[in-house]
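Visitor: Structure in structure tokens, see below.
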Amino acid sequence: MKGTFDTLITAKSNPFRLNLKETTKYKDLIWLFVQRDFKTKYKQTILGPLWFVIQPLLTTFIFTIVFGKIAKLSTDGVPQFLFYLAGNVPWLFFSSCLNRTSATFYENVRIFGRVYFPRIAVPISTVITCFFNFLIQFIMFVAIDIILILIGANVQITWYAMLFPLLILQLGVLGMGVGIIISSLTVKYRDLQVLVSFGVQLWMYISPVVYSVASIENSTLKTLVMINPVSPAIEFMRAGWLGVGTTNWMYLGIGLAVTAVIAFVGLVIFNKTEKNFMDKI
């Protein structure tokens, strides 16, 4: 019996065919995944969404004690807690995007094995979920920032704050790009997943989360730190909301270019892996 088909599902023969247009048709599914992530993560917790605020506050408090009071690292004249919070909030967003998308195939293997939909919808929904978490933390940060400004702290909001959407988009895309590369590789090399948390911790220390780039005296070391695509984003964030930071447009451009390349490579590898990962996982 002959008939017409609205959608024809075939294996992708060309990994460079990203087919992002198809993904936009599944925006309702992406939103359902976002809701699922929220419900499953905080379903049986006492404090629930309050953890969005508690987590950065606790880690920032520890940073203040260890790096501010004990190690006495420079914070460019800015109150220590606010300085570390300004680096910690965007870093948590990036690291959560990376960590959670790096487990895309393993955490969703049952869904992938039962029904068809663009697999990239899952990491996209993960980044959106992480963004909502970040937004709550960022509002808290801005509130503390404004309070300290009103009481006369050495803090000021500059026009660099207008770059906020671009910087957050970059961190989200970068985290997803690196995450889906790791997720694709762990289908074949499972031990890579064990190294993710260790690698993210190392990445944090080569990013200016707990220190200022201006405090690095060695020019070669400073260049190496700024080549890291996360570093310009954090420094411009501090420059916008605190009035301090190394605002080098060249390094920001390099960071955006590196992010674009990683995202593209990640999508290509992800497309290539999703065709037969059910046979390997």
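Just so it is clear: in the sequence shown, position 160 is 160 by the working numbering, and no numbers are missing. By construction, the Cβ of each residue, glycine as well, lies at the ideal position given by its N, Cα and C atoms.
Suppose the cutoff is 6 Å on Cβ atoms and the five residues either side in sequence are ignored; what does the same chain contact list for residue 133 look like?
Guide: Closer than 6 Å at Cβ, skipping near neighbours: 52.
Visitor: On the criterion of 16 or more Cβ atoms from any shown chain inside 10 Å, does residue 95 qualify as buried, or is it exposed?
Guide: Looking at its Cβ environment, which holds 16 or more other Cβ atoms inside 10 Å, residue 95 is buried.
Visitor: Buried or exposed for residue 320, please, with buried defined as at least 16 other CB atoms from any protein chain shown within 10 angstroms of its CB.
Guide: This structure does not reach residue 320, given that the chain is present from 1 up to 281, and the question cannot be answered.
Visitor: Starting from residue 123 and walking both ways along the alpha helix (DSSP H), at which residues does that stretch end?
Guide: Taken as a continuous stretch (DSSP letters only), the alpha helix (DSSP H) holding residue 123 covers 121-150.
Visitor: Do the CB positions of residue 64 and residue 84 come within less than 7 Å of each other?
Guide: In contact: residue 64 and residue 84 (Cβ atoms closer than 7 Å).
Visitor: With a floor of 4 residues, list each alpha helix (DSSP H) that falls wholly inside the segment 54-129, ordered by position along the chain.
Guide: Listed in chain order, the complete alpha helix (DSSP H) runs (minimum 4 residues) inside the segment 54-129 are 80-101, 104-107 and 109-112.
Visitor: Between residue 82 and the ligand NAP, is the CB less than 6 Å from at least one heavy atom?
Guide: By its list of ligands, the structure shown contains no ligand whatsoever, and the ligand NAP lies outside what it can speak to.
Visitor: Run the CB neighbour count on residue 263, radius 10 Å, all protein chains shown included, and call it buried at 16 or more, exposed below.
Guide: Per the 10 Å Cβ criterion, buried.
Visitor: Quick check: residue 117 and residue 29, are their CB atoms within less than 7 Å of each other?
Guide: Yes, the pair counts as a contact, with Cβ atoms nearer than the cut-off.
Visitor: What number of angstroms, rounded off, separates the C-alpha of residue 62 from the C-alpha of residue 88?
Guide: Answer to the nearest angstrom: the Cα atoms are 11 Å apart.
Visitor: Helix, strand or coil for residue 235? Go by DSSP, reduced to three states.
Guide: Of the three classes helix, strand and coil, the one that applies to residue 235 here is helix, per DSSP.
Visitor: Is there contact here, the segment 187-203 with the segment 212-224, by at least three beta-carbon pairs under 8 Å?
Guide: Counting Cβ pairs under 8 Å, fewer than three are found: no touch.
Visitor: Rounded to whole angstroms, what is the Cα-Cα separation between residue 141 and residue 254?
Guide: Computed Cα separation, rounded: 27 Å.
Visitor: Thinking residue 270 and residue 184 are a contact (beta carbons under 8 Å), I'd like their distance in whole angstroms, please.
Guide: The Cβ separation is near 5 Å, so the contact holds.
Visitor: Smallest Cα separation from residue 229: which of 174, 186, 211 and 245?
Guide: When each option's Cα is compared against that of residue 229, the closest is 174.
Visitor: Between the C-alpha atoms of residue 111 and residue 210, what's the straight-line distance to the nearest angstrom?
Guide: Going by the C-alpha atoms only, they are around 39 Å apart.
Visitor: Within 10 Å of its beta-carbon, does residue 178 have 16 or more other beta-carbons around it, so buried, or fewer, so exposed?
Guide: So residue 178 counts as buried.
Visitor: Just mark residue 165 as buried or exposed, buried being the case when its beta carbon has 16 or more other beta carbons within 10 Å.
Guide: Looking at its Cβ environment, which holds fewer than 16 other Cβ atoms inside 10 Å, residue 165 is exposed.
Visitor: Can you find the residues in the same chain that come closer than 8 Å, C-beta to C-beta, to residue 171, ignoring five residues on each side of it along the sequence?
Guide: Excluding residues within five positions, the ones whose Cβ falls inside 8 Å are 90, 93, 94, 97, 230 and 233.
Visitor: What number of angstroms, rounded off, separates the C-alpha of residue 73 from the C-alpha of residue 32?
Guide: Answer to the nearest angstrom: the Cα atoms are 44 Å apart.
Visitor: Grouping DSSP H, G and I as helix and E and B as strand, with all else coil, what is residue 1?
Guide: Reliability fails at residue 1, whose pLDDT of 47 lies under 50, so the model's placement of it is uncertain and no value is given.
Visitor: Identify every run of the alpha helix (DSSP H) within the segment 165-221, keeping only runs that are complete inside it and at least 4 residues long; order them along the chain.
Guide: The qualifying runs are 192-205.
Visitor: Beta-carbon within less than 6 Å of residue 136's beta-carbon, same chain only, minus the 5 sequence neighbours each way: which residues are those?
Guide: Excluding residues within five positions, the ones whose Cβ falls inside 6 Å are 52.
Visitor: Helix, strand or coil: which one does DSSP assign to residue 25?
Guide: DSSP places residue 25 in coil when its eight states are reduced to three.
Visitor: What's the gap between the Cα of residue 144 and the Cα of residue 243?
Guide: When rounded, the distance between both Cα atoms is 15 Å.
Visitor: Would you call residue 160 buried or exposed, if buried means 16 or more other Cβ atoms sit within 10 Å of its Cβ?
Guide: It is buried - the Cβ of residue 160 has at least 16 other Cβ atoms within 10 Å.
Visitor: Quick check on residue 153: does DSSP put it in helix, strand or coil?
Guide: The answer is coil: DSSP assigns residue 153 none of H, G, I, E or B.
Visitor: Quick check on residue 243: does DSSP put it in helix, strand or coil?
Guide: Coil at residue 243, not helix or strand.
Visitor: Looking only at its own chain, which residues have a Cβ that is under 6 Å from the Cβ of residue 273, when we skip the five neighbours before and after it?
Guide: Counting only Cβ-Cβ distances below 6 Å, and skipping sequence neighbours, we find 184 and 187.
Visitor: How long is the line joining the alpha carbons of residue 76 and residue 22, rounded to whole angstroms?
Guide: Going by the C-alpha atoms only, they are around 48 Å apart.
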